[in-house]
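Each step along the sequence shown adds one to the number in the UniProt record's numbering, with nothing skipped, and position 12 is 12.
In what follows, a structure is listed as structure tokens, so that the remarks can point back to it.
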Amino acid sequence: MADNSALQMTAPAADPIDQLDPREFILIKNARVHNLKNLSVALPRNKFIVVTGLSGSGKSSLAFDTLYAEGQRMYVESLSSYARQFLGRMDKPDVDYIRGISPAIAIEQKVSIKNNRSTVGTSTEIYDYLKLLFARVGRTYSPVSGEQVRKDNVADVVDYLMQLPGGTRVMLLAPLLRADDGRPMSKELDLLLQKGYSRVVVNDETAFIEELIAEGQPEVQGDVFVMIDRAVIHPGDEDLMFRLSDSVQTAFFEGHGTTVASYQLPVAGDQNEPATGNSQPATEKIFSDRFELDGVVFEEPSVNFFSFNNPYGACQTCEGFGSVLGIDEDLVIPDKSMTVYEGAIAPWRTDKQSEWLKPLLKNGIRFDFPIHRPYNELSEAERTLIWKGNKYFDGLDDYFKWVATQTHKIQYRVLQSRYRGRTTCPDCRGTRLRKDAQYVKIDGQSITDLVLLPVSRALEFFQNMNLDEHDAKVAERLVTEITNRLEYLNRVGLGYLTLNRLSSTLSGGESQRISLATSLGSALVGSMYILDEPSIGLHPKDAEQLIGVLRSLQQLGNTVIVVEHEEKMMEVADQILDIGPEAGSGGGNLMFQGTYDDLLQDTNTYTGDYLSGRREVAVPTTRRPWRNALELTGARENNLKNVSVKFPLNVMTVVTGVSGSGKSTLIRRILAPALLKQLGGGAGEATGKFDRLTGVNGQVTHVEFVDQNPIGKSSRSNPVTYVKAYDAIRSLFADQPLAKARGFKPSHFSFNIDGGRCEVCQGEGQVKIEMQFMADIYLTCEACEGRKFKQDILDVKFQDKAINEVLEMTIEDSITFFKDQPKIAERLKPLEDVGLGYIRLGQSANTLSGGEAQRVKLASFLTKGATLQNDKILFIFDEPSTGLHFHDINKLMTALNALVEQGNSVLIIEHNMDIIKCADWVIDLGPEGGINGGHLLFEGTPEDMVKLKDTNHTARFLAEKL
């Protein structure tokens, strides 16, 4: 395909790329990064452009490694000389030139947050504004009386007194606080006299201090108040106001923060007489400049008071982590459909420990406890009673405290560990904030209430918030910033998330859409946004909403370039680029540039063939029947509404539904952990609320959760080591004559241990330069030139290839290279089968996308097929279609079906209609996301599902495929 085919939609055919105007186009001339083959293209400015093609065809090489890398390099070039000193060694993309480039912003799908304290709220800056808002206009309410806690100042007291009727007699009193040294009252009174005070009030009677301490007088008993001042109120008298202000300040000082205003309202003929201290009843009003109420001293709200990353604001119980290692209710009561009488309480089932249960069974009738009612039907008060106990029996809390005192005996240590797990912190409800932060409220909601609300509900709260005039003015800008950010999160389809959700638990797609929402909030113009599959994790219904968001970003005056496989995204694009024709070394060419309608007519690309229907992911001719199933009842975690569902075994089951409908909660938070606990593992992992899981015995022996987390924690992890092919490759090199002559063992061909690796970069091939003020830069090691090994190791060759050259091969090329080495080729073949033929053997794990990492894991299970014949494994996949072209999904389905044919069960969380239509069984949740989701809408075959197309979102899109 001629390179200049790129210009067919952007400029007259006669115009070479050099003659186009960089003010109208972003021009790339002869890009050769990775597998790109002298690719030239002109991208029109301020348009919505989709880059598509097979996985590994070179899409990311063009968008991220060429366009974005050059944009970033040019930005750094504009920085200080300190930053630029590294630029001589910083790699420039291998391209003749790039002209007309805009400031580049890349939004990738990797979950790059490693901080286990980062949440959706902190990463979007919403939480920072929330802290400020609550510090400024939050009102503290006492948990005892529900009254607002106020702190009185001098102005409050003076204003109160000056509003009394004219002629009101007022005494300002300060309570006399005695010293702790046992000093007699007469000494205290003598000190007051020396300070210049002359009167006190004792037992509601005014007396002169001199008379009380005169010789022969008995010691004063009862409460004593120092009279600071007395006056008659004349409204509007400024001199009186100034005098009272001084007196109130003195009263607060002497009373250690407390002052008492005792006043008598005027009676006829008593308008201008001074107060005489007569016995007429007086009204007392107590003022305090301490922040207290109901005998409790409260902390005054400040920004740090609401920060869980600050020791001052963090919950003392969980130290700001939101969870504690405690007794896990799911382990103590594994089957919640059982009654207490039947043995629902697991630790009390043995003969010895049942002594703790007998008092409850014997005395339950005394306090009306239903011992024959299933645990899941007990009221909250009855469940709490089992844990707290009462005077008739000791509860589970007391039992586990006793077990803790017996841990010098090994059997009790084992017993305790069996029932321990990560549980939500009881004090902060998992919000990580100190408990008294919940007492500060705005319009009836505390900050902990708001961060536990779904974004869509939190948005409603801020849009309808009621504040008085003063607070509304103070909060105006903060509320605007919070509302805007919540709106953007809602618009990108994340209205179901809570602000308290940990960033590390987000999928790649969710993480990317949060970055997108943050970018929308900044409202930049004239920039180039490059996104990596933003539709990941989105139901087709939600993808339509996302397209509107991306369009608004483009309409602000930005160029939006999206690497994407989503059909709906291509339909609305201004331009589509197809890179191909194949993946890896067979890709890197510009196969097509034009509109969606033109692509449908194009017969040179896989994309055009699949979109037009000339090719398709074939629907199975029959659906596999099933007999056995796992049955989960009463799932109630997050937004799930008491869902009971069957998961068929030995077939391929897909769980689907709109984003936020409860799929991940059902599978990741309930089914997987509960299953692991029944099989004897996963004890430390918290399980969501549910009643019962049956059908496990003998039907499932292992659970393999194949998610999108990286295949290794270090940059040294790579596909060839993960599928256990590298051991055979190292042995092969160690068997070469030169290796034997030099005494090299297989370990010399490892970049993980001393011996053959380059010692300058420790076998990394790169050296990290810490930039301090920005992201670290990785530069090619000058000693080994990125080859990872010492030169004498590289002298050893197999079929003219050194070990570093083998690691640089793609999976596809390496299978051909090792065709005579079945031990190696057989381990590599599954990587090709799952559509990863384009990745390199030694490609660092941290450069793989979430979808690629997931498929590497799938390939490793396919290689183990023969050794796992007697096991019945349940494989759980979380969106395996991530990053896959239609053509790659065909390969993926073959691999997934191979797992089922080996006698295993496959359970998939998925939105991709090509995978859903190939399932044997479909489970659909909904109807919407967040609080409007969590219902089981459908269980059955895809054919039965499409009959619901008028009432079900998934069925509507599935009908187009079936």
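Here a beta-carbon is modelled for each residue, glycine too, at the ideal position from N, C-alpha and C.
**Study point:** Short Cβ contact (7 Å threshold) for V562 with L497
**Key:** No, these two residues do not count as a Cβ contact at 7 Å.
Point to revise | Bounding residues of the alpha helix (DSSP H) (the contiguous stretch that carries R956) | key: Membership of R956 in the alpha helix (DSSP H) is indicated by the continuous run H953 to A959.
Check your understanding: How would you label A402, buried or exposed, when you count the other beta carbons within 10 angstroms and need 16 or more for buried?
Key -> Per the sequence presented here, residue 402 reads as Trp, with Ala not at that position. Counting of Cβ neighbours within 10 angstroms places W402 among the exposed residues, the total staying below 16.
Review point. Per DSSP, which one or two residues make a beta bridge with V703?
Key: In DSSP, V703 forms a bridge with L874.
Point to revise | Residues near residue 1022 in its chain [Cβ-Cβ closer than 7 Å; skip 5 each side] | key: In the structure as shown, the chain begins at 1 and stops at 962. Residue 1022 is therefore absent and cannot be evaluated.
Point to revise | Residue nearest to E147 in terms of C-alpha spacing, selected from I576, S288, E292 and K131 | key: Proximity to E147 across I576, S288, E292 and K131 peaks at E292, based on C-alpha coordinates.
**Study point:** A472 classed as buried or exposed, judged by whether at least 16 other C-beta atoms fall within 10 angstroms
**Key:** It counts as exposed.
**Study point:** Helix, strand or coil at G587 according to DSSP, with G and I counted as helix
**Key:** G587: coil per DSSP, three-state reduction.
Review point. If you count every other CB in all the chains shown that lies within 10 Å of the CB of S747, and 16 or more means buried, which is it?
Key: It counts as exposed.
Check your understanding: Going by the CB atoms, is the gap between E284 and V267 shorter than 7 Å?
Key -> No, these two residues do not count as a Cβ contact at 7 Å.
Review point. Just the Cα atoms here: how many angstroms apart are L546 and N490?
Key: Roughly 10 Å separates the two Cα atoms.
Practice item. Measure the C-alpha to C-alpha separation of D449 and A672 and round it to an integer number of angstroms. Key: Straight-line Cα distance between these residues: approximately 29 Å.
Review point. To which residues does DSSP link M162 through a beta bridge?
Key: Per DSSP, M162 has no beta bridge partner at all.
Exercise for review: Could you tell me whether the region 568 to 585 touches the region 534 to 548, using the rule of 3 or more Cβ pairs below 8 Å?
Suggested key: Put simply, the region 568 to 585 touches the region 534 to 548. At least three CB pairs are less than 8 Å apart.
Check your understanding: CA-CA distance, S714 and S844?
Key -> Near 8 Å, if we compare the C-alpha coordinates of S844 and S714.
**Study point:** Coil, strand or helix - H935 by DSSP
**Key:** Strand.
**Study point:** Candidates V248, S302, C315 and N304: closest to F287 by CA position
**Key:** Residue V248 holds the alpha-carbon nearest to the alpha-carbon of F287 among V248, S302, C315 and N304.
Check your understanding: Taking contact to mean at least 3 C-beta pairs separated by less than 8 Å, is the region 625 to 639 in contact with the region 684 to 704?
Key -> Under the Cβ criterion (8 Å, minimum of three pairs), the region 625 to 639 counts as touching the region 684 to 704.
Check your understanding: On the three-pair Cβ rule with 8 Å, is the region 714 to 724 touching the region 653 to 664?
Key -> Contact between the region 714 to 724 and the region 653 to 664 is absent, because fewer than three Cβ pairs lie under 8 Å.
Check your understanding: By Cβ distance below 7 Å, which residues in the same chain neighbour L325 in space, the five residues on each side in sequence not counted?
Key -> Result list for L325: R420 and R422, in chain order.
Check your understanding: Would DSSP call W348 helix, strand or coil?
Key -> Helix.
Practice item. Counting only the same chain and skipping the five closest in sequence on each side, list residues whose C-beta sits under 7 Å from that of S302. Key: Only A135 meet the Cβ criterion.
Review point. How many Å lie between L43 and G100 at the Cα?
Key: Rounded to whole angstroms, L43 to G100 spans 10 Å at the Cα level.
Check your understanding: How about V720 and L841: are their beta carbons less than 7 Å apart?
Key -> V720 places its beta carbon less than 7 Å from that of L841.
Review point. Helix or strand or just coil, what does DSSP make of V492?
Key: V492 falls in the coil class under three-state DSSP.
Exercise for review: Please say whether L516 and V492 have beta carbons closer to each other than 7 Å?
Suggested key: Yes, the pair counts as a contact, with Cβ atoms nearer than the cut-off.
Exercise for review: Measure from the C-beta of M241 to each C-beta in chain B and report whether the shortest distance is under 7 Å.
Suggested key: The structure shown contains no chain B; it is built from a single protein chain.
Check your understanding: By how many angstroms is the C-alpha of V946 removed from the C-alpha of R956?
Key -> Distance from the CA atom of R956 to the CA atom of V946, rounded to whole angstroms, is 7 Å.
Review point. So is N697 buried or exposed if we call it buried at 16+ other beta carbons inside 10 Å?
Key: It is exposed - the Cβ of N697 has fewer than 16 other Cβ atoms within 10 Å.
Point to revise | Touch test, the region 337 to 347 against the region 368 to 378, Cβ-Cβ under 8 Å, three pairs minimum | key: Yes, the region 337 to 347 is in contact with the region 368 to 378.
Point to revise | DSSP state of Y68 mapped onto helix, strand, coil | key: Three-state DSSP puts Y68 in a helix.
Exercise for review: Give me the Cα-Cα distance between P426 and I667, rounded to the nearest whole angstrom.
Suggested key: Going by the C-alpha atoms only, they are around 25 Å apart.
Point to revise | Beta carbon of Y399 nearer than 7 Å to that of W356 | key: Yes.
Review point. Going along the chain, which unbroken runs of the alpha helix (DSSP H) with 4 or more residues stay wholly within the region 586 to 664?
Key: 596 to 601 and 606 to 612, all fully within the region 586 to 664.
Exercise for review: Compare the C-alpha of D289 against each of A346, D335 and V157 and name the closest.
Suggested key: Checked all of A346, D335 and V157; the closest Cα to D289 is V157.
Point to revise | Alpha-carbon spacing of I49 relative to D574, whole angstroms | key: Those two C-alpha atoms are separated by around 6 Å.
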